[in-house]
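As you go down the protein sequences, you meet chains G, R, F and D in turn.
Last residue of the first sequence? That's 215 in our numbering, and every number before it is there in order.
Last residue of the second sequence? That's 215 in our numbering, and every number before it is there in order.
Last residue of the third sequence? That's 215 in our numbering, and every number before it is there in order.
Last residue of the fourth sequence? That's 215 in our numbering, and every number before it is there in order.
First up is the structure itself, then whatever we jot down about it.
4 protein chains.
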Amino acid sequence: LFHFRPAPAELSTSRIEAFSDGVFAIAITLLVLEIKIPHPADGQTASFDLAHALMRQWPNYFAYVLSFVTIGIYWANHHYIFKLYRKTSHCFILLNIVFLMAISFLPFPTAVLGDFIADLDHARAAVVFYSSGLLLPAVTWFLMWIYAVRTRIVDERLEPAFVRRLTWQYMLSVIFYLTAVALAFFHAISSLVLCVGLTLLYLLPPPAPEYRPAE
Amino acid sequence: LFHFRPAPAELSTSRIEAFSDGVFAIAITLLVLEIKIPHPADGQTASFDLAHALMRQWPNYFAYVLSFVTIGIYWANHHYIFKLYRKTSHCFILLNIVFLMAISFLPFPTAVLGDFIADLDHARAAVVFYSSGLLLPAVTWFLMWIYAVRTRIVDERLEPAFVRRLTWQYMLSVIFYLTAVALAFFHAISSLVLCVGLTLLYLLPPPAPEYRPAE
Amino acid sequence: LFHFRPAPAELSTSRIEAFSDGVFAIAITLLVLEIKIPHPADGQTASFDLAHALMRQWPNYFAYVLSFVTIGIYWANHHYIFKLYRKTSHCFILLNIVFLMAISFLPFPTAVLGDFIADLDHARAAVVFYSSGLLLPAVTWFLMWIYAVRTRIVDERLEPAFVRRLTWQYMLSVIFYLTAVALAFFHAISSLVLCVGLTLLYLLPPPAPEYRPAE
Amino acid sequence: LFHFRPAPAELSTSRIEAFSDGVFAIAITLLVLEIKIPHPADGQTASFDLAHALMRQWPNYFAYVLSFVTIGIYWANHHYIFKLYRKTSHCFILLNIVFLMAISFLPFPTAVLGDFIADLDHARAAVVFYSSGLLLPAVTWFLMWIYAVRTRIVDERLEPAFVRRLTWQYMLSVIFYLTAVALAFFHAISSLVLCVGLTLLYLLPPPAPEYRPAE
C-alpha cells in the first residue's frame, strides 16, 4: 500500500512568521526614506547652511526613532505570540495580513509627524494622524488574539489565567492608544508623550508563557 | 566506492517560494511609499490645512488597502499552489519571474489610481490602467498553472476533477479582469467595484486539495 | 571528555545565498519606484491627458521589463552556481558583496535609460550608462568564478571540461557587454538590441553540472 | 505521563540573525534610491548634457560604494559574532534593534555626503554628519558586545584572551570613528580618508575563534 500525507491546506505558522518578518524588516527600513535631504530653495543658495538644516530636522529623527522602536517591538512580540499558536486558519492568515497592512502604513504617519510636529499650526493634526496610525496595529493585534483564543489557535495547554492576562494587556493597549488619539485633539504634546510612554512600557519583557501542569 | 548525489540542476520549489515571498513582502510594503506627504504649495502656507489635506488623500488610502489585500491574497495563494507542485523546471522558474514582475509593478498603477480616481477628467484612464495592472498577474498566474499542468509539475496524485476545477477558476479570474478593463472604458466606478468584488471573492479560502485514493 | 565542534570562522554558502536572495528580491522590486507618476505641469492642468502621459512612459516600462528579467536571471544563475561551490572564504564573501553592489546599482541606470532613451539628444549617453551598468555585474560575476576556480571553492568532483566551459561562457559574457558599451558610443539602438539579445540568450537553461565518475 | 517542552520565552539567535539579515539587505539596497536621476532644470533643456550630469554625480557613486561596503562588512561581522553567542535575552534583542536602527539610518547620511561633499561650503558639515552616521553603529555594536560578555551570552568556552582581544578591537573602532567625527570639524577630507581607511581595515578577515581546551 502506497502511503503519503497530503499537503495540508493551510500555511504553517513558520511560513506566516517568515513573511511577516519580511514585512517588518522592510517597513522598519523604509522609515529612513521619508527623511528628505535638505537642499537650498531656489535663490537661497548663499544663505543655506547645511549644518543648521540638518539640525532643524530633529523632528524627523525623533519620529524615525519612535517608529523604529515601535515596529521593532511589534516584531519581537509577533514572534513571542506565535510561539503560543499551535495552528493557523484561513481567516487567521487574513487577519495577519490586515495587521501587516497597519504596520506597513506606519512610515506615512511617521513622515507626517516628522514634517509637522514642530509647526504650531499643524502639530495637532499631525499627532492625531500619527496616534491613529499607532492605534491601527494595536486594534488589529487585539482582534488577531481574540480570534486565536476563540478558535483554539492558541495552545490549549496554556494556563487560562495566563491567556486572560494577555487578553487584558492587549485590550488595555487599544484603550491607551484610543486615549492618545482623543488627547491629541486637545493637547498634541501630551498625546505624543503618551505614545512614547507606551513604547517604553512595551520595552519591558513579555511574561513567560505559563503552561498547565501535565496530568 | 565513494558515493555522492550530484546537485540537481533545478531550483527546488522551496527556494522559489522563499524568493517569491521576498518579492511579495517588498512589493506590498512599497505601496505606502507612493502616498506623498502633503505640503503647502508655494505661497499657500497660510491657507494650508493639514487635516483636510490628509483627508483629501482618501483615494490613496483606498488604493493602498485594495492593492495591499490583493497582493496579500496572491501571497497566500502562491503558497497554496506551490503545495500542489512536485518539482520545477527552467521554463517554470522563468514564468514565475514574469509573474513576480507583474506583482512588483502593482505599486505604480496603485499610485496612479490613488492620485487620479477622484479627478473626473482622469478617473477613466486611471481605472483602465489599474485594472490592466490587476489583469497582468491574473494572466501570468493562469499561464503558470496551465504550464504546470501540461508539464506534470502539478502533483500527479491530485484528483483530475480537482485540477480541472482550479483551471476553470483561474481562467474565470482572467475573464473577470478582462471584463473590468473593458468596463473601465465606459464606466470607471463599475469597473472598480468589479475589482473590489474580485478581491473580496478571493478572500474565501481556496478549496482543500483532493487526492486520488492510494491504490 | 567533553567534546564539541567549534563554530567555523566562515559563513556557510547557504547564509550567503539567503542574504544574496534578499538583495536580489529588493533590487528587482525597487525598479518600479523609478517610474514616476505623471502629473500635469504647473499651468497645464487643462491640456493634461493621463492616458497619453502613461503611454508616453513606454520607455520606462521597457527599461523596467529588461532590468527585471536580467536581475531575475542573475538570481536563478546565482543559485545554480552556488550548487557548484563546496565552501566559502573571506575574500569570496567580499567578492560576492561587490557583485551584489553591482546588482543593487541597476535601478539607477535603468531609470536613466527609461527617462532618456526616447530623447534623441541624450539616448546615446543613456545607453552607454545602462550598458555599463550591465557590464559591472557581468565582470564581478566572472571575477567571482575565476577566484572560486583558483582557490578550489568550486566542487573538485566537477569535470574539468565542464568548469572550463563555464569559464569561457562567463568571459564571453563580459566581452559581449564590453562590446555593447563600445557600440553605444556610435549607435545607441544597436547597443540596446545587443543587451536585449544577451538577456534573451541567458533565458536558455544553464548546462547540467557534469561530475567526474567516482573511482 | 504526557511530556512536552514549553516554548522558551526568548527568540533564538537564528531568528534574530534572519531578521537582521533582512534589515541589512534592505538598507544596503535602498542606498541606490538616494541617487537622483539628473534632469534639465526649467529653461535649461538646451544646455543640458546627460553624460556630464551623470559624471558630475561621482560623489554620489563614491558615497554609495563606501556605505555599501561598510554595511556589507557589518553584515558579515554580524554573522561572525553571532556564532560566538550561545543564547539571547530580552535586553540583548532590544540592543540589536537599536544597532539595526543605526544601520538603517545610514542611507540618509550617505545621501547627504553624496550631495554635498563636492560643495566647498557644505563639505565639512556633510562629513561631520556622515562620520557621525558611521559612529552610531560602531557604538551600538560595542555596547552589544560588552553587554553580551557581561551577561554570559558570549560562549563561555571561548578563550578569555580571545574575548578581550575582540573587546579591545571594538573599542578601538569606536575611538577611531570618534576621531573621524572630531577631525571632520577641522579638515573634511582627512576625516573621510580615515573613514575609508577603517572600512578597508575591516575588509581583513576577523580572527578565528579560539576555544579553551576541553578538560
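C-beta: ideal position from N, C-alpha, C; glycine also.
- None of the residues of the stretch 116-142 of chain R has a beta carbon lying less than 9 Å from any beta carbon of chain G.
- Within its own chain, the residues whose Cβ lies closer than 6 Å to the Cβ of V139 (chain G), once the five positions on either side in sequence are excluded, are V174, listed in chain order.
- Comparing alpha-carbon positions, the option among D:I97, D:A184, D:V112, D:F129 lying closest to W141 (chain D) turns out to be D:I97.
- Chain D has a Cβ within less than 9 Å of the Cβ of W75 (chain G).
- Assigned with DSSP and collapsed to three states, L166 (chain G) falls in helix.
- Contact of I153 (chain F) with chain R is not assigned, every C-beta pair being separated by 9 Å or more.
- When rounded, the separation of the alpha-carbon atoms in A125 (chain R) and W58 (chain R) is 19 Å.
- When only Cα atoms are considered, W75 (chain D) and T179 (chain R) end up about 48 Å apart.
- Between the alpha carbons of Y61 (chain R) and H52 (chain F) lies a distance of about 25 Å.
- For Y85 (chain F), there is no enclosing alpha helix (DSSP H), as DSSP gives it neither H nor E.
- For I26 (chain D), the chain F residues whose C-beta falls within less than 7 Å of its own C-beta are I26, listed in chain order.
- Nearest to V181 (chain R) by alpha-carbon distance, out of R:S132, R:S14, R:A118, R:V69, is R:S132.
- Excluding residues up to 5 positions away in sequence, P59, N60, A63 lie with their Cβ nearer than 6 Å to the Cβ of G114 (chain R) in the same chain.
- The stretch 16-32 of chain F makes contact with the stretch 101-109 of chain F: 3 or more CB pairs, one atom from each, lie closer than 8 Å.
- At a cut-off of 9 Å between beta carbons, V98 (chain F) makes no contact with chain R.
- R152 (chain R) and S89 (chain R) have their C-alpha atoms spaced approximately 10 Å apart.
- In the structure shown, L120 (chain F) adopts coil according to DSSP, grouped into three states.
- By the rule that beta-carbons nearer than 9 Å mark a contact, A18 (chain R) touches chain F.
- Counting only residues of its own chain and dropping the five nearest sequence neighbours on each side, V128 (chain D) has a CB closer than 7 Å to the CB of V181, A184, F185.
- Sequence-distant partners of P38 (chain G) (beyond 5 residues in either direction) whose C-beta falls short of 6 Å from its own C-beta, in its chain, are A53.
- Inter-residue distance for E159 (chain D) and T13 (chain F) is about 27 Å (C-alpha atoms, whole angstroms).
- From the listed residues F:F92, F:D49, F:L120, the smallest Cα separation to E17 (chain F) is found for F:F92.
- Chain F places a beta carbon closer than 9 Å to that of Y64 (chain D), counting this residue as a contact.
- By the 16-neighbour rule on beta-carbons within 10 angstroms, H79 (chain F) is buried.
- At a Cβ-Cβ threshold of 9 Å, D21 (chain F) and Y85 (chain F) do not count as neighbours.
- In this structure, DSSP gives L203 (chain R) a state outside helix and strand, which the three-state scheme calls coil.
- The alpha-carbon separation between L66 (chain R) and K36 (chain F) amounts to approximately 21 Å.
- Think of a sphere of 7 Å around the beta carbon of P107 (chain R): the chain F residues whose beta carbon falls inside it are V32, in chain order.
- Within the same chain, and ignoring the five residues on either side of T199 (chain R) in sequence, the residues whose Cβ sits closer than 8 Å to its Cβ are L66, V69, T70, I73.
- For the 9 Å CB-CB criterion, I117 (chain R) and A188 (chain R) form a contact.
- Within 7 Å of the CB of I37 (chain G), no CB atom of chain R is found; the nearest one sits about 14 Å away.
- In the three-state reduction of the DSSP assignment, L178 (chain F) falls in the helix class.
- Rounded to the nearest whole angstrom, the CA to CA distance from V193 (chain D) to V112 (chain D) is 17 Å.
- Annotation: the continuous alpha helix (DSSP H) that includes D21 (chain G) extends over 13-30.
- The beta-bridge partner set that DSSP reports for Y211 (chain F) consists of F:L158.
- The beta carbon of V193 (chain R) does not come within 9 Å of any beta carbon belonging to chain F, so the residue lies off that interface.
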